[in-house]
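Everything on this sheet refers to the single structure shown next.
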Amino acid sequence: NAGVTQTPKFRVLKTGQSMTLLCAQDMNHEYMYWYRQDPGMGLRLIHYSVGEGTTAKGEVPDGYNVSRLKKQNFLLGLESAAPSQTSVYFCASSRSGGTGEQYFGPGTRLTVT
Amino acid sequence: DAKTTQPNSMESNEEEPVHLPCNHSTISGTDYIHWYRQLPSQGPEYVIHGLTSNVNNRMASLAIAEDRKSSTLILHRATLRDAAVYYCILQMNSGGYQKVTFGTGTKLQVIP
Chain C
1 NAGVTQTPKF RVLKTGQSMT LLCAQDMNHE YMYWYRQDPG MGLRLIHYSV
51 GEGTTAKGEV PDGYNVSRLK KQNFLLGLES AAPSQTSVYF CASSRSGGTG
101 EQYFGPGTRL TVT
Chain H
1001 DAKTTQPNSM ESNEEEPVHL PCNHSTISGT DYIHWYRQLP SQGPEYVIHG
1051 LTSNVNNRMA SLAIAEDRKS STLILHRATL RDAAVYYCIL QMNSGGYQKV
1101 TFGTGTKLQV IP
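Residue numbers (our numbering), protein chains in the order written: chain C, 1 to 113; chain H, 1001 to 1112.
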């Protein structure tokens, strides 16, 4: 049981480049989330999904897109990276919404120069 | 929007109880109160959650004020492994709409 895995662990991008972060979970969870964490801050919700084929905006969705084509995977895309998107990105999954315990991945450290 | 307020840092002696406070005065009736903790360079780890009643599990206890405007996470005997940043979070799901609000967290230092 791997839990929640994230690929890649580290990435450096130049301004304007694009990339996709992959999150995978093997717990058959319905809900999946993407967060960003800036230095010294708490996590902020970017996008989330309440089931396969669904996505919704969180608190800070601008500049990001997501897709959930398979239940176990949740992809986060940056179409044109900006230095303000330098952050640590965490993916999480949970069985349910309000009451659900979230299981977090190890994070992806992204630097945009 | 509801938000949480926590002290930036706290200290505790090893094997002593620790009470970590959280203020959420604008909490709505559908918000659940969750606590997570985060070790350096790791993702957050679930600790406990509740709605109105006090809750206990193997890791901690959660005491929720009667008006739900504040809560306290209680670690009964702090160990060195409990040194982490503790986040008080409001989490709500209504008809597929999900809202998760993280505070800035309390950094707990455990002194041997």
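Backbone N, C-alpha and C fix where the C-beta goes; we use that ideal spot for every residue, glycine too.
>> If you measure between the beta carbons of E101 (chain C) and Y1046 (chain H), is that distance less than 8 Å?
In response: Stepping through the first sequence from its first residue, residue 101 (chain C) is reached at position 101. Stepping through the second sequence from its first residue, residue 1046 (chain H) is reached at position 46. Cβ atoms of E101 (chain C) and Y1046 (chain H): closer than 8 Å.
> Any residues in the segment 1074–1103 of chain H with a beta carbon nearer than 9 Å to a beta carbon of chain C? Which ones, in chain order?
Replying inline: V1085, Y1087, I1089, Q1091, M1092, N1093, S1094, G1096, Y1097, Q1098, K1099, V1100, T1101, F1102, G1103
>> I'd like to know if the segment 1003–1023 of chain H and the segment 65–79 of chain C are in contact, where contact means that at least 3 CB-CB pairs between them fall below 8 Å.
In response: At 8 Å Cβ cutoff, the stretches do not touch.
> How many angstroms separate the CA atom of A92 (chain C) from the CA atom of E1066 (chain H)?
Replying inline: Locating residue 92 (chain C) in the first sequence gives position 92, where the first residue counts as 1. Locating residue 1066 (chain H) in the second sequence gives position 66, where the first residue counts as 1. Straight-line Cα distance between these residues: approximately 31 Å.
> Looking only at its own chain, which residues have a Cβ that is under 6 Å from the Cβ of G107 (chain C), when we skip the five neighbours before and after it?
Replying inline: In the first sequence, the residue the question calls residue 107 (chain C) occupies position 107. Contacts found: V88, F90.
>> Our contact map puts L13 (chain C) next to A81 (chain C) with C-beta atoms below 8 Å; I'd like the distance itself, whole angstroms only.
In response: In the first sequence, counting from the first residue as 1, residue 13 (chain C) sits at position 13. In the first sequence, counting from the first residue as 1, residue 81 (chain C) sits at position 81. 5 Å between Cβ atoms; contact.
> chain H partners of L115 (chain C), CB-CB under 7 Å?
Replying inline: Limits of chain C in this structure are 1 at one end and 113 at the other, which puts residue 115 (chain C) out of reach.
>> Along the chain, where does the beta strand (DSSP E) containing T5 (chain C) start, and where does it finish?
In response: For the purposes of this step, residue 5 (chain C) is taken as residue 5 along the first sequence, with counting starting at 1. Taken as a continuous stretch (DSSP letters only), the beta strand (DSSP E) holding T5 (chain C) covers 4–7.
> Can you list, in chain order, the residues of the segment 1011–1028 of chain H whose Cβ is nearer than 8 Å to any Cβ on chain C?
Replying inline: none
> If you run the structure through DSSP and keep just helix, strand and coil, what is P1007 (chain H)?
Replying inline: Numbered from its first residue, the second sequence carries residue 1007 (chain H) at position 7. The three-state reading of DSSP puts P1007 (chain H) in coil, since its state is none of H, G, I, E or B.
>> Among the candidates C:E59, C:K57, C:V50, whose CA atom is the shortest distance from the CA of G1095 (chain H)?
In response: Position 95 of the second sequence holds residue 1095 (chain H). Comparing Cα positions, the closest option is C:V50.
>> In the DSSP output, which residue or residues are listed as bridge partners for K1099 (chain H)?
In response: Here residue 1099 (chain H) refers to the residue found at position 99 of the second sequence. Note: K1099 (chain H) sits in a beta bridge opposite H:M1092.
> Distance, Cα to Cα, G77 (chain C) vs Q17 (chain C)?
Replying inline: For the purposes of this step, residue 77 (chain C) is identified with residue 77 of the first sequence, where counting begins at 1. For the purposes of this step, residue 17 (chain C) is identified with residue 17 of the first sequence, where counting begins at 1. Computed Cα separation, rounded: 11 Å.
> What is the residue span of the beta strand (DSSP E) that V1110 (chain H) lies within?
Replying inline: Sequence index remark: in the second sequence, residue 1110 (chain H) carries index 110 (1-based). Following the DSSP letters along the chain, one finds V1110 (chain H) inside the beta strand (DSSP E) bounded by residues 1106–1111.
> Would a C-beta distance cut-off of 8 Å place L43 (chain C) and G58 (chain C) closer than the cut-off?
Replying inline: Against the first sequence, residue 43 (chain C) aligns to sequence position 43. Against the first sequence, residue 58 (chain C) aligns to sequence position 58. In this structure, G58 (chain C) does not lie closer than 8 Å to L43 (chain C) by Cβ.
>> Cβ closer than 7 Å: which chain C residues qualify as neighbours of Q1109 (chain H)?
In response: For the purposes of this step, residue 1109 (chain H) is taken as residue 109 along the second sequence, with counting starting at 1. Under the 7 Å cutoff, chain C gives no residues; its nearest Cβ is about 16 Å from Q1109 (chain H).
>> Quick check: is the beta carbon of P1044 (chain H) nearer than 8 Å to any beta carbon in chain C?
In response: Reading the second sequence from its first residue, position 44 is the one you call residue 1044 (chain H). With its beta carbon less than 8 Å from one in chain C, P1044 (chain H) belongs to the interface.
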